[in-house]
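Protein chains in written order, with full-length UniProt numbering: chain A, 1 to 289; chain B, 1 to 74; chain C, 1 to 166; chain D, 1 to 761.
The C-beta atom is built at its ideal place from N, Cα and C for all residues, glycine as well.
So the structure is just underneath, and the comments pick up after that.
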Amino acid sequence: MPSTAFHAPDSVEDVVALLAADPTARPLGGGTDLIVQMRSGRLAPGSVVDFKRIAGMTGVRREGDGFVIGAATPCTALKADAALAAAWPGVVEAANLIGSVQVRNRATMAGNLCNASPAADSVPALIAAGATCVVAGPSGKREVPVQEIPVAPGKTSLAPGEFVVEIRLPARPEGGGDAYLRSTPRTEMDIAVVGAGVSLVLDADGTCTSARVALGAVGPTVVLVEEAGKALVGTKLDDDALAAMSRAVQAASNPIDDKRGSVSYRKAMAGVLARRAALIAATRAGAKA
Amino acid sequence: MPPFDKEFFATDRLDLAPHNLFDLVDRLDGLAPGFAAIAQPRVHFAVDGVLEADWSRDLATASEVIVLPRVGGG
Amino acid sequence: MSKIHVSTTLNGDAAEFLCDPSASLLDALRDELGLTGSKEGCGSGDCGACTVVLDGEMVCSCLVFAAEAEGGTIQTIEGVAESAVLHPVQQKFLEHGALQCGFCTPGFIVAAKALLDRNPDPTETEVRYWLAGNLCRCTGYDKIVRAVMDAAAELRQDRPSERTPA
Amino acid sequence: MNAPETMKQFRPKEFRHVGTRPVRPDGVDKVTGRALYGPDFKAPGMLWGAIVRSPHPHARIVSIDTKKAESLPGVKAVATGKDFPTLQSLVMHVGEGASDIVHVARNCLALDKVLYEGHAVAAVAATTPEIAREAAGLIAVEYEELPFVLGLEEALAEGAPLLHDDVFTKGVDPKPDKPSNASMRVEMGGGDVEGALAGAAVTVTGRYTMEPVHQGYIEPHACVASWGGDGQAQIWCSSQGHFAVRSLTASVLALPQADIRVMPLEIGGGFGGKTTIYLEPVAMILSKKSGRPVRLAMTREEVFRATGPAPGAVIDVRIGADADGTLVAADVEFKYHSGAYPAVDAGAGVASAIGHYKIANTRVVGTEVLCNRPAAKAYRAPGAPQVNFAVESAVDELAGKLGIDPLELRLKNAAVEGDPQTSGVPWGRIGWVECLEAAKAHPHWSAPLGPNQGRGLAGGYWGNYGGPSTVVVSLTEDGTFTVTTGSPDIGGSRAAMAIMAAETLGVPYEQVRCVIADTSSIGFSMVTGGSRTTFATGKAVVEAAREVKQVLCSRAAKMWNVAEDAVEWQDGEMVCTAGEKEGTRITVAQIAPRVAFMSGPVSCVAGINAAGWLPGFGLHICDTEVDTETGHVKIVRYTAIQDVGTAIHPDYVEGQIQGGAVQGIGWALNETYIYGENGKLDNPGFLDYRMPVASDLPMIDAVVVEVPNPDHPYGVKGVGEVPIVPPLAAVANAIHAATGKRLNSLPMSPDRVYAALHPEG
């Protein structure tokens, strides 16, 4: 059984070099998925590369009106950033549904994203919010939309040597609001059976001018359902519009039957949760407009 | 005395006059060899309506013994 | 693979240990440092029995590589009682009978103290959600929640009642 | 809050210590992390073990090649099932039920066949845990896969894969000539069930189902064994009964029991699941081969895959009543999983089904079914919650059909002292009616409900137990006392023992300390289980303490040169009550240093076979709120009422009731074993085996009813088992009240509730 090496370099370049040198190497942020996977034998990386000690990897900073979240920033630290929590409450709440307080004190949104689980709680909220991430790799840095990272359960589009160094959220649009809801059997310590993130913008008279709806656990990756967003745009989120959105959500849902939920239950919940999340997002948009 | 009636004796009632429960077990084993081997781990006796833990108790004044499956606990 | 040397501050004192690169902080605490108060109930961050405070935040020590603790500050259940008397949370667990088998108790006490360190007046709901990462199979949580609320009340009064020597 | 008023109502007399809530003697060690549990113990020079487990649910072991593992540096021993001695069938009862020691041994390490995914097939011991795990991976086991069967009805079907060719259904006449997966059938009852059902004004019929659930103790199994060259051995482990560990380990290894000394470590939860052995004989074999102490410990995943779940069930119920609500007939037929080896929950299930009601015509049939799952083990009131779920759901449905209040229907038919149980044995002084009356009087029963809320109730019972226990009460040299028992303390029993000793001796609680001795330091004591410890071991404590008083009084009499009957024990003092020395007193603290200068130290042993135990009854009221769009069920209020006889330490009595109720709520709502089509367990962890977390629950109002047991010096009946019995139906009945939908299949998880509410899909 080859043992795993542990590295804690102090520069992004060193991380990239270590990851590039060994295709089995894994970057270590919070480690809450990685350590479990190693312990269960699902993963046996040649080395683990802890990038938390690199300056700027932990914490939230403003860039213009937008937010830059270091890849090693634990989920609970997002709540502590009042401006972020006010601008993107859906994202912050989604990240703070993961696991328990203990887990969220370690777990990061970047890790949640790169673990590439279709049920990742923070990812639908990030996608709805139009978040991007900055990827560092052997050929430098690139910025990509969050939804382009996961490609299949447990698989990402990251090339060898690449890792996510930060997540970027745009400025909150005027009249914007977001929300994320999930369905789990328990109130905490659970994996989403279905998750729904909604981000929308209302104009002064309450008409929706743009909307993004993203769903978790209804397909191999988190999905952005453009039809669902379109169903809301131009409406005041009346019952017909919400019903149309729910239908679009259900049409876009292609879940599996597994130990956490059935196809029919997941499809039904996707519609219910997206509607409820849209209403919360609208309330937030209205409250802030 | 289910399930021991069907498992061992092919009857639900027997007329015996044992002097105590050890003696009863011996007599039942005589009727159905093998009963004595499982009596301690699997059987409880109720003597005149009360579960009896002491198998040496004199049964001279007892009128009825019910044979029950022994129940454990969690 | 050779072992890694790690230096930490553990319950206020300098502590060093050697660990396998893939060992968890919980493994190091229990097997290298002999502190078996932190328990392993699952090894996957789902039960909270291994809860410790690392650099000011409570974490599942089974979800931290021991090597990550280099230069860090760790508080375990063994360091909760200060000055040889029980912390109010420990005291209230005893007074309310908030433990039965006691196996999950260290994790609950570390987590509850972490809550009260930052929120001196939590609601019952806040206590329940904060402690949702700690599984208890014996008590049904009722007496645990009461003990934590009572400890909070006592800490707010800043009037330490009689406490048992640790 | 809890209901002291109810307690006062039934308390027969005032006690000094009984009924108080002192801090438990082992408390400080447990809140500071100092207490040593099963996985905490290490022996000098100890090796670390690892176990190889079957990936197949049913397979013949063709060969096991251990050569590679043995040649790995650091590996000191390898064990397989062939290392056990040849064993003859011997049925033993160590507390949870009867087991054949051949099956116990095979479950520790398979021989010839594996019977479930996770079945242990080999083990290694090495100098580090990493090497042990690596070596386990190098053991090559060749399997010939066999067809497997998981379901109850499937396992009983013609042509089903047979687990054992030497198991013939017990309890059927004539004796079967073909082996079967039905290991036992138990039938009880009497009267004309069919006739009475045909004549009943109202009948209900239902089928109820559930998969196995796990005990879910947070401490995984672990032990250290050290087997010396002279044949004597020591085992350090946590269990519900170290004497059971000794007797089972000695039996499967063909050793004299006196050669094994089992040290009881603190136990991190058991709930019935730690009344057997999994690791100890394997660690013993590895220790003997290596000449060193060996530690074996399970991961959580191993606990789920290989240790005792409670059986799942298929239960058919028919109940009939007259128009006035008199129950006239009940027909209950259930099948329980016994898993890989014959188990014994059917008898308990039959005894726990309908005995709480007076019904003239009854038939209760239970069948134990072998299947390719882990061997079922006792779980809190083993065998009772499953069948109670069916019966109490059906009674609720009957109340609805009759238009009678479900509490009144239960009161009308409730069994009382003297009424026959299903076995024919009459009930003793039970407190079932008192629980129902307490429920009626409780504010919860009449509190208003909010939207989408519903209220359900259910009652249940458990027989409790007595049996053998040994206790030594010793006077120290300064007049304080030690109480030594052989009963592991799972939930505060040291405190209960100290209270009962202090009450008997009339001394302060703090002057009595209770410890649990190893198997070589105290006489035999049965497991802590079956709600027997406070009753049976407590009885022994009182008996030994009484003898201590008697001995000290006679010492005082000798010292004073007065007749023995002239000295009385009064509140921890010996007092001369007659003759010229009348009024002379000596305290325990004064006489204690002198006893060594008389005939010797004072230490009294009570080895008893405790009789006179009485069953416990409970009645639970549950309010649920159902999110009809998602199927989520929230428990908004819960009251658990129970007759305990007498509460020795009410905190731990309430705690048992609350904990049991929450285990039942978990069983009702989300806990379940999920197997894939490949026969492998799909949720072997706390993430997907969803036990309740703190935020899932409200406070649990534990109402202690005290109808004292006349056969215990302080009235104890037993507490721990009963509270897991009623919750399954209480929750189901509350969901029905909230939604109009009756869920007959557990768990009532959001997807199931949703499906019931939205049958169109």
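Status (buried if at least 16 other CB within 10 Å, exposed otherwise) for leucine 155(A): Note that residue 155(A) is lysine in the sequence shown, not leucine. Label assigned to lysine 155(A): exposed.
**OP:** Excluding the 5 residues preceding and the 5 following arginine 142(A) in the sequence, name in chain order all residues of the same chain whose CB lies nearer than 6 Å to its CB.
**Re:** Val135
What's the C-alpha gap between proline 89(A) and proline 750(D)?
26 Å
Problem - Close Cβ partners of tyrosine 341(D) (< 7 Å) along its chain, the five nearest in sequence each way excluded - result: The residues are His103, Asn107 and Ala375.
Listed by chain order, chain C residues near threonine 187(A) by CB distance under 8 Å: Tyr129 and Ala132
Query raised in the report: Taking Cβ positions only, does proline 120(C) come closer than 7 Å to chain A?
Result: Interface criterion not met: the Cβ of proline 120(C) is under 7 Å from no Cβ in chain A.
*What separation, rounded to the nearest whole angstrom, lies between the Cα atoms of alanine 28(C) and lysine 3(C)?*
12 Å
Next item on the list: Assign alanine 384(D) to one of three DSSP states: helix, strand, or coil.
Entry: helix
Could you check if asparagine 464(D) belongs to the surroundings of the ligand PLP, using beta carbon to heavy atom distance under 6 Å? Annotation note on the ligand PLP: not contained in the displayed structure, which lists no ligands.
query: Among Val141(D), Ala132(D), Gly97(D) and Asn452(D), which one has its Cα closest to the Cα of histidine 632(D)?
result: For the set Val141(D), Ala132(D), Gly97(D) and Asn452(D), the Cα lying nearest the Cα of histidine 632(D) is the one of Asn452(D).
- Task: Check distances from the C-beta atoms of the region 620–637 of chain D to those of chain B and list, in chain order, the residues that come in under 9 Å.
- Result: none
**Message:** Going by the DSSP bridge assignment, what does threonine 209(D) pair with across the sheet?
**Reply:** Val314(D) and Ser745(D)
Checklist entry - Which residues mark the beginning and the end of the beta strand (DSSP E) in which glutamate 333(D) is found? => result 327–339
Can you tell me which of the three DSSP states methionine 298(D) falls into?
-> Here methionine 298(D) sits in coil by DSSP.
Residues that DSSP places opposite aspartate 258(A) in a beta bridge: Gly261(A)
Mind pulling the chain C residues with CB within less than 7 Å of aspartate 50(A)? Glu68
Considering only the alpha carbon of each residue, which of Asp257(A), Ala107(A) and Ala152(A) lies closest to leucine 28(A)? Ala107(A)
Item to complete: Output yes if chain A places a C-beta closer than 7 Å to the C-beta of residue 167(C); else output no.
Response: A question about residue 167(C) goes unanswered here, because the residues of chain C that appear run from 1 up to 166.
- prompt: Are the C-beta of aspartate 40(D) and some C-beta of chain C separated by less than 7 Å?
  reply: yes
Checklist entry - Terminal residues of the continuous alpha helix (DSSP H) containing alanine 46(B)? => result Looking at the DSSP string, alanine 46(B) is not in any alpha helix (DSSP H); the run it does join, the beta strand (DSSP E), is 43–47.
- request: Give the secondary structure of tyrosine 129(C) by DSSP, where H, G and I count as helix, E and B as strand, and everything else as coil.
  value: helix
query: Is residue 292(A) helix, strand or coil by DSSP?
result: The structure shown has nothing for residue 292(A), since chain A only spans 1 to 289.
Item to complete: Check the Cβ of isoleucine 191(A) against every Cβ in chain D and list those closer than 7 Å, keeping chain order.
Response: Leu687
Same chain, Cβ closer than 7 Å to glutamine 234(D), neighbours up to 5 away in sequence not counted:
The beta carbon of glutamine 234(D) sits closer than 7 Å to those of Ser226, Arg261 and Met263, all from its chain and outside the five residues before and after it, given in chain order.
(message) Nearest by alpha-carbon distance to tryptophan 462(D): which of Val124(D), Ile430(D) and Ala732(D) is it?
(response) For the set Val124(D), Ile430(D) and Ala732(D), the Cα lying nearest the Cα of tryptophan 462(D) is the one of Ile430(D).
Worksheet item: Are the C-beta of tyrosine 379(D) and some C-beta of chain A separated by less than 7 Å?
Response: no
Notebook entry, point to check: Under 7 Å Cβ-Cβ, which residues of chain C neighbour alanine 661(D)?
Noted result: Gly140
Notebook entry, point to check: From the beta carbon of leucine 68(B), is the nearest beta carbon of chain D less than 7 Å away?
Noted result: yes
*Burial state of aspartate 688(D) (16 or more Cβ within 10 Å)*: buried
**Message:** Determine, for valine 64(C), whether the minimum Cβ-Cβ distance to residues of chain D falls below 7 Å.
**Reply:** So, not an interface residue.
Taking only three categories from DSSP, how would you classify aspartate 643(D)? strand
Quick one: does tyrosine 754(D) have its CB under 7 Å from some CB of chain A? yes
task: Measure from the C-beta of serine 199(A) to each C-beta in chain C and report whether the shortest distance is under 7 Å.
output: no
Q. In terms of alpha-carbon separation, which member of Met691(D), Thr639(D) and Glu677(D) lies closest to valine 705(D)?
A. Thr639(D)
Legend entry - Listed by chain order, chain A residues near proline 176(D) by CB distance under 9 Å: What proline 176(D) touches in chain A: nothing, since even the nearest Cβ is about 37 Å away.
- For threonine 8(C), which residues does DSSP report across the bridge? Ala15(C)
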